[in-house]
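S.K.:
Protein chains: 2
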Amino acid sequence: MGQDMSGTSLDFSARLRAAGLRPTRQRVALARVLFEAGHRHVTAESLHAEVKATRIPVSLATVYNTLNQFRDAGLLREVVVAPGRSYFDTNTGHHHHFYVEPDGELHDFPSDKVTVAGLPPPPKGTRLNRVDVIVRVKR
Amino acid sequence: MGQDMSGTSLDFSARLRAAGLRPTRQRVALARVLFEAGHRHVTAESLHAEVKATRIPVSLATVYNTLNQFRDAGLLREVVVAPGRSYFDTNTGHHHHFYVEPDGELHDFPSDKVTVAGLPPPPKGTRLNRVDVIVRVKR
DNA sequence: AAGTTGTTTAGAACAGTTCTAAAAACTGCA
DNA sequence: TGCAGTTTTTAGAACTGTTCTAAACAACTT
Ligand SMILES: [Mn+2]
Ligand SMILES: [Mn+2]
Ligand SMILES: [Zn+2]
Ligand SMILES: [Zn+2]
Numbered sequence: 000m001g002q003d004m005s006g007t008s009l010d011f012s013a014r015l016r017a018a019g020l021r022p023t024r025q026r027v028a029l030a031r032v033l034f035e036a037g038h039r040h041v042t043a044e045s046l047h048a049e050v051k052a053t054r055i056p057v058s059l060a061t062v063y064n065t066l067n068q069f070r071d072a073g074l075l076r077e078v079v080v081a082p083g084r085s086y087f088d089t090n091t092g093h094h095h096h097f098y099v100e101p102d103g104e105l106h107d108f109p110s111d112k113v114t115v116a117g118l119p120p121p122p123k124g125t126r127l128n129r130v131d132v133i134v135r136v137k138r
Numbered sequence: 000m001g002q003d004m005s006g007t008s009l010d011f012s013a014r015l016r017a018a019g020l021r022p023t024r025q026r027v028a029l030a031r032v033l034f035e036a037g038h039r040h041v042t043a044e045s046l047h048a049e050v051k052a053t054r055i056p057v058s059l060a061t062v063y064n065t066l067n068q069f070r071d072a073g074l075l076r077e078v079v080v081a082p083g084r085s086y087f088d089t090n091t092g093h094h095h096h097f098y099v100e101p102d103g104e105l106h107d108f109p110s111d112k113v114t115v116a117g118l119p120p121p122p123k124g125t126r127l128n129r130v131d132v133i134v135r136v137k138r
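Keeping their order, the protein sequence lines are chains A and B.
Residue numbers for the first sequence follow numbering that gives the first Met the number 0, beginning at 0 and rising by one.
Residue numbers for the second sequence follow numbering that gives the first Met the number 0, beginning at 0 and rising by one.
1) Let me see if you follow: with CB-CB separation under 9 Å, is residue 112 of chain B close to chain A or not?
2) Are residue 97 of chain B and residue 134 of chain B close, meaning C-beta to C-beta below 9 Å?
3) In angstroms, rounded to a whole number, what distance separates the CA positions of residue 10 of chain B and residue 18 of chain B?
4) Measure the Cβ-Cβ separation of residue 50 of chain B and residue 62 of chain B and say whether it is below 9 Å.
5) Just to make sure I have the definition right: I need the residues of chain B whose C-beta is within less than 7 Å of the C-beta of residue 129 of chain A. Which are they?
6) Considering only heavy atoms of ligand 3, does any lie closer than 8 Å to the CB of residue 102 of chain B?
7) How about residue 74 of chain A: is its Cβ closer than 8 Å to a heavy atom in ligand 4?
8) What are the boundary residues of the beta strand (DSSP E) that residue 72 of chain B is part of?
9) Check the Cβ-Cβ distances between residue 117 of chain B and every residue of chain A, and say whether any is below 9 Å.
10) Does residue 125 of chain B have its Cβ less than 9 Å from a Cβ in chain A?
11) Ligand 3 and residue 78 of chain A: does the residue's C-beta get closer than 8 Å to at least one heavy atom of that ligand?
12) State yes or no: is the C-beta of residue 69 of chain A within less than 9 Å of the C-beta of residue 105 of chain A?
13) Go through the residues and name those whose CB comes closer than 5 Å to any heavy atom of ligand 3, in chain order.
14) Of the choices B:24, B:41 and B:25, whose alpha-carbon is the least far from that of residue 107 of chain B?
15) For a test of the three-state rule: what should DSSP assign to residue 38 of chain A, helix, strand or coil?
16) Would you mind listing the alpha helix (DSSP H) stretches within the segment 59 to 130 of chain B that are 4+ residues and don't spill past its ends, in chain order?
17) Suppose the cutoff is 6 Å on Cβ atoms and the five residues either side in sequence are ignored; what does the same chain contact list for residue 90 of chain A look like?
18) With H, G and I counted as helix, E and B as strand and the rest as coil, what does DSSP make of residue 57 of chain B?
19) Kindly indicate if chain B contains any beta-carbon less than 9 Å away from that of residue 138 of chain A.
20) Against chain B, does residue 41 of chain A count as a neighbour if the rule is that its beta carbon must be under 9 Å from one of theirs?
21) What does residue 45 of chain A reach in chain B if we use C-beta pairs closer than 9 Å?
22) Within the 9 Å Cβ cut-off, does residue 93 of chain B reach chain A?
23) Grab me the residues of residue 136 of chain B's own chain with a C-beta within less than 6 Å of its C-beta, minus the 5 sequence neighbours each way, in chain order.
24) If we ignore side chains and look at the alpha-carbon of each, how far apart do residue 123 of chain B and residue 138 of chain A end up?
25) Please list the terminal residues of the continuous alpha helix (DSSP H) segment that includes residue 18 of chain A.
26) Can you tell me whether residue 102 of chain A is buried or exposed, with buried defined as 16 or more other CB within 10 angstroms of its CB?
27) Could you tell me if residue 47 of chain A is buried or exposed, where buried requires 16 or more neighbouring beta carbons within 10 angstroms of its beta carbon?
28) Check for me: the alpha helix (DSSP H) holding residue 43 of chain B runs from which residue to which?
29) Contact defined as beta carbons within less than 8 Å: I believe residue 93 of chain A pairs with residue 131 of chain A. What is the distance between those atoms, to the nearest angstrom?
30) Suppose you measure from the CA of residue 22 of chain B to the CA of residue 81 of chain A; what does that come to, to the nearest Å?
Here it is, written out as structure tokens:
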């Protein structure tokens, strides 16, 4: 009846392995911070600060490497809404964003109730990849 | 009956003055490159390269200063679609963008035929500022 | 023309990100 | 469990786009 935490770290290991990534201490620590709560939007710096609090040593270079690997593996999505820094989004499903200025906060909203109609056809020689809707709001 | 170009530079001077900016040689040269043709999407580097071709000396620092001033004056709009660099858009009206990857090209499309319906209300304590639609396309 | 103020400039500085190459750690196999 | 082979991590350097500094210069006012 006690809470079972024993499998948690193994789950992340398995998930990393499934993505073709060795489950190293650093990657597991980062995956834990990223994926064990609900959906998140982090920057490299913010994630680095968070993982440092877990007392597992992770360099900033590894945070960048790992974010890029996770993104390439489809575990994260990169979001660019403001000059100078990237956000990484644990929600890889189809959704859109509120961007709160000047706080720099990102909030998801589902795309299934949103209709984007009347888009022109893609320019010659290109094909559609994705439609991003960014709702910029002010405090 | 000859073509009248004599007023052109004065027009830019007037426009700059109207925006509260002294019509210096550099600002007029940049305004000319930016606004004398149709709508454009430039980066600081690309604009710097272009204005250098006019043989009027303009430093990169001035290009950045001027782009920021023009944006603050409402003459330009800043567009952020990819990590690492800003685009500046001479089209300040309401419109949306195609972003061609990996070229980094931006193309306008009018927003008056596009419907974005079903957006959730802005988060508590915020008010709507703008809705950006970015259609990402691949070659 | 002189004085005042605003602008431009080269170069330094800065922020975010990527690179380098050496040390450390993971994995498969004895 | 030890070892070899390979991947990962790391500190720090490097790099890119952008901003800052403060001195020279140019525009406007009188
Ligand atoms: Mn990258
Ligand atoms: Mn700026
Ligand atoms: Zn999101
Ligand atoms: Zn545009």
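Where a beta carbon is used, it is the ideal one built from N, C-alpha and C, also for glycine.
Being a predicted model, the structure only gives us computed values, none of them experimental.
M.R.: According to the data block:
1) Yes, residue 112 of chain B counts as interfacial toward chain A.
2) Contact: yes.
3) C-alpha of residue 10 of chain B to C-alpha of residue 18 of chain B: approximately 12 Å in a straight line.
4) At a Cβ-Cβ threshold of 9 Å, residue 50 of chain B and residue 62 of chain B count as neighbours.
5) Going along chain B in sequence order, the residues near residue 129 of chain A (Cβ under 7 Å) are 135.
6) Because no heavy atom of ligand 3 lies under 8 Å away, the Cβ of residue 102 of chain B does not count as near it: no.
7) Residue side-chain check: residue 74 of chain A keeps its Cβ at 8 Å or more from all non-hydrogen atoms of ligand 4.
8) In the DSSP assignment, residue 72 of chain B falls outside any beta strand (DSSP E) and carries neither an H nor an E.
9) Residue 117 of chain B counts as touching chain A.
10) By this cut-off, residue 125 of chain B is an interface position.
11) Because some heavy atom of ligand 3 lies under 8 Å away, the Cβ of residue 78 of chain A counts as near it: yes.
12) No, the pair does not count as a contact, with Cβ atoms beyond the cut-off.
13) That gives A:88, A:90 and A:107.
14) Selected option, being the one with the closest Cα: B:41.
15) In this structure, residue 38 of chain A counts as coil in the three-state DSSP scheme.
16) The segment 59 to 130 of chain B contains, as complete alpha helix (DSSP H) runs of 4+ residues, the segments 59 to 71 (chain order).
17) The answer, listed in chain order, is 38 and 107.
18) Three-state DSSP puts residue 57 of chain B in coil, outside helix and strand.
19) Chain B places a beta carbon closer than 9 Å to that of residue 138 of chain A, counting this residue as a contact.
20) No - not a single Cβ of chain B is within 9 Å of the one on residue 41 of chain A.
21) None at all; the shortest Cβ gap to chain B is about 16 Å.
22) Interface flag for residue 93 of chain B against chain A is unset, since no Cβ pair is found closer than 9 Å.
23) Short of 6 Å from the beta carbon of residue 136 of chain B, and not among the five residues preceding or following it, lie these beta carbons of its own chain, in chain order: 97 and 99.
24) Going from the Cα of residue 123 of chain B to the Cα of residue 138 of chain A covers about 9 Å.
25) First-last for residue 18 of chain A: undefined, no H or E at that position.
26) By the beta-carbon neighbour count (other beta carbons within 10 angstroms, threshold 16), residue 102 of chain A is exposed.
27) Residue 47 of chain A is classed as buried because its beta carbon has at least 16 other beta carbons within 10 Å across all chains shown.
28) Taken as a continuous stretch (DSSP letters only), the alpha helix (DSSP H) holding residue 43 of chain B covers 43 to 51.
29) The beta-carbon separation of residue 93 of chain A and residue 131 of chain A, rounded to 10 Å, does not stay under the 8 Å limit for a contact.
30) Each residue's Cα considered, the two are about 30 Å apart.
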